[in-house]
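Undergrad:
In the numbering used here, the protein residues as written are 4 to 355.
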């Protein structure tokens, strides 16, 4: 695996793309390009959570996808503390549309290295959580908007995502201003609004622009949604409204709302838990469900037969087979034994 962290801008240390590029092998894809998943952590636009970054990327890598983690523009630029201070001046670096454009920059960077990393650029999915889920949602509905193409001076098609996975994401900002009774939730919401909008009281127009559910169209990629009904910070209605919008636009989607589990579960197991509050046996299923869903869209170019078997068949037909490694020879032997067993079973079955 090639793992490296790349600065997306020369003058910014906080906006980075970390690669988890699977090594090529003649025993697997043998030089063919793989699909990829771009993981976008949450953190209320104040920071990017480590819990929603590398551990998630490694799960997707274990499914056979290249994975990348984007650390995008946030208020504290990767060095802030939590909880946020009450007095927060505006930070122009974290304001919309900077986080969205960081997504576009990540896509262009992956495309620029596609031949080197063997990435299938037509099969790049995005996966985000909480505020990162909002950023992914925004990208899913704005990827073909001039806010990206005109800013970077390239064709909109270069930004197109193949699929989106949105976990406990903020998808309708109007829902987030309903007067949450939890003081902590209100304070965190105020800090997040200053980070993203530059004010605790954004206008209706600003809320409309940043409410993903209002911009879903036929160009929105297929989407996997998951949330928990017990989430007191980002209500599950964000996801159900998004599902309704996707259905109205005719966009393929899948949604799972688990009964229990608070906000910020990530993988909901010991791989990402910072406390026992971040475990949930039911919600933990989301990553496997998302993996099965992704297989419908990010199909790996796996041949019907392995190279060693084709070489064996060529040798049996009189051609000269190339040298096999010890491991490949073992596989040939195993395959031969299996064929022999299968023939014996068929012979037994024919007697009855």
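Positions of the beta carbon are idealized from the N, C-alpha and C atoms, including for glycine. Nothing here was measured: the structure is a model prediction, and the numbers come from that model.
When burial is assigned at 16 or more other CB atoms within 10 Å of the CB, is residue 301 buried or exposed?
TA: Buried, because 16 or more other Cβ atoms sit within 10 Å of the Cβ of residue 301.
Undergrad: Just curious, the alpha helix (DSSP H) that residue 294 is in, first and last residue?
TA: First-last of the alpha helix (DSSP H) with residue 294: 289 to 297.
Undergrad: Residue 233 to residue 269, Cα distance in whole Å?
TA: The straight-line gap from Cα to Cα measures roughly 15 Å.
Undergrad: In whole angstroms, what is the alpha-carbon distance linking residue 111 and residue 6?
TA: When rounded, the distance between both Cα atoms is 18 Å.
Undergrad: Quick one: is residue 256 buried, meaning 16 or more other Cβ sit within 10 Å of its Cβ, or exposed?
TA: Buried, by the Cβ-count rule.
Undergrad: Check whether the Cβ atoms of residue 63 and residue 107 sit closer than 7 Å, and answer yes or no.
TA: Contact: no.
Undergrad: Whole angstroms are fine: how far does the CA of residue 122 sit from the CA of residue 311?
TA: Looking at the two C-alpha atoms, the distance is approximately 24 Å.
Undergrad: Contact check, residue 77 vs residue 48 under 8 Å by CB: the rounded distance?
TA: Contact holds; Cβ gap of about 6 Å.
Undergrad: For the beta strand (DSSP E) holding residue 19, just list the boundary residues, first then last.
TA: Counting along the chain, the beta strand (DSSP E) containing residue 19 begins and ends at 15 to 23.
Undergrad: Measure the alpha-carbon distance for residue 58 versus residue 129 and round it to whole angstroms.
TA: One C-alpha to the other measures close to 15 Å.
Undergrad: Among residues of its own chain, excluding the 5 on either side of residue 243, which ones have a beta-carbon nearer than 6 Å to its beta-carbon?
TA: Same-chain partners within the cutoff: there are none.
Undergrad: For residue 39, which residues from the same chain have a beta carbon less than 6 Å from its beta carbon, with the 5 sequence-adjacent residues on both sides left out?
TA: Counting only Cβ-Cβ distances below 6 Å, and skipping sequence neighbours, we find 68, 69, 122, 127.
Undergrad: Would you report the Cα separation of residue 45 and residue 35, rounded to the nearest angstrom?
TA: Cα-Cα distance, rounded: 32 Å.
Undergrad: Would residue 4 be called buried (16 or more neighbouring beta carbons within 10 Å of its own) or exposed?
TA: Classification of residue 4: exposed, given that the 10 Å Cβ count is below 16.
Undergrad: Between residue 219 and residue 249, which are expected to be in contact by the criterion C-beta below 8 Å, what is the C-beta distance as a whole number of angstroms?
TA: That belief holds up - the Cβ atoms of residue 219 and residue 249 are roughly 6 Å apart, short of 8 Å.
Undergrad: Am I right that residue 172 and residue 136 are in contact with their C-beta atoms under 8 Å? What's the rounded C-beta distance?
TA: Between residue 136 and residue 172 the Cβ distance is about 3 Å, and since that is below 8 Å, they are a contact.
Undergrad: Quick check on this structure: which residue in 27, 20, 291 has the alpha carbon closest to the alpha carbon of residue 305?
TA: Nearest C-alpha to residue 305: 27.
Undergrad: Could you give the DSSP three-state label for residue 300: helix, strand or coil?
TA: Here residue 300 sits in coil by DSSP.
Undergrad: Compute the distance between the beta-carbons of residue 151 and residue 241, then report whether it is under 7 Å.
TA: No. Outside cutoff.
Undergrad: Where does the unbroken beta strand (DSSP E) through residue 132 begin, and where does it stop?
TA: Where residue 132 is concerned, the enclosing beta strand (DSSP E) stretches over 122 to 132.
Undergrad: Grouping DSSP H, G and I as helix and E and B as strand, with all else coil, what is residue 228?
TA: Looking at residue 228 - three-state DSSP - the assignment turns out to be strand.
Undergrad: Using a Cβ-Cβ cut-off of 6 Å (strictly less than) and excluding sequence neighbours within five positions of residue 200, which residues of its own chain qualify?
TA: Answer for residue 200: 209, listed in chain order.
Undergrad: Please state the DSSP three-state secondary structure of residue 74.
TA: Three-state DSSP puts residue 74 in a strand.
Undergrad: What residues in its chain sit with their C-beta under 6 Å from that of residue 96, if we drop five residues either side in the sequence?
TA: Correct list, in chain order: 76.
Undergrad: Tell me the DSSP secondary structure of residue 166 in three-state form.
TA: Residue state, collapsed to three classes: strand.
Undergrad: Have a look at 133, 225, 91 and flag the residue whose alpha-carbon is nearest the alpha-carbon of residue 231.
TA: For residue 231, the nearest C-alpha among the options comes from 133.
Undergrad: Are the CB atoms of residue 60 and residue 168 within a distance shorter than 7 Å?
TA: In this structure, residue 60 does not lie closer than 7 Å to residue 168 by Cβ.
Undergrad: Just reading off the alpha helix (DSSP H) that residue 154 is part of, what are its end residues?
TA: 149 to 155 is the extent of the alpha helix (DSSP H) around residue 154.
Undergrad: Might you give, ordered along the chain, the residues of its own chain that have their beta carbon closer than 6 Å to the beta carbon of residue 261, omitting 5 neighbours on each side?
TA: Once the five neighbours on either side are set aside, the close Cβ partners of residue 261 are 231, 285, 286.
Undergrad: Tell me which residue opens and which closes the alpha helix (DSSP H) that residue 58 is part of.
TA: Taken as a continuous stretch (DSSP letters only), the alpha helix (DSSP H) holding residue 58 covers 57 to 65.
Undergrad: Less than 7 Å between the C-beta atoms of residue 17 and residue 81, yes or no?
TA: Yes, the Cβ-Cβ distance between residue 17 and residue 81 is below 7 Å.
Undergrad: Using CA atoms only, rank isn't needed, just tell me which of 291, 196, 229 is closest to residue 246.
TA: Closest by alpha carbon: 229.
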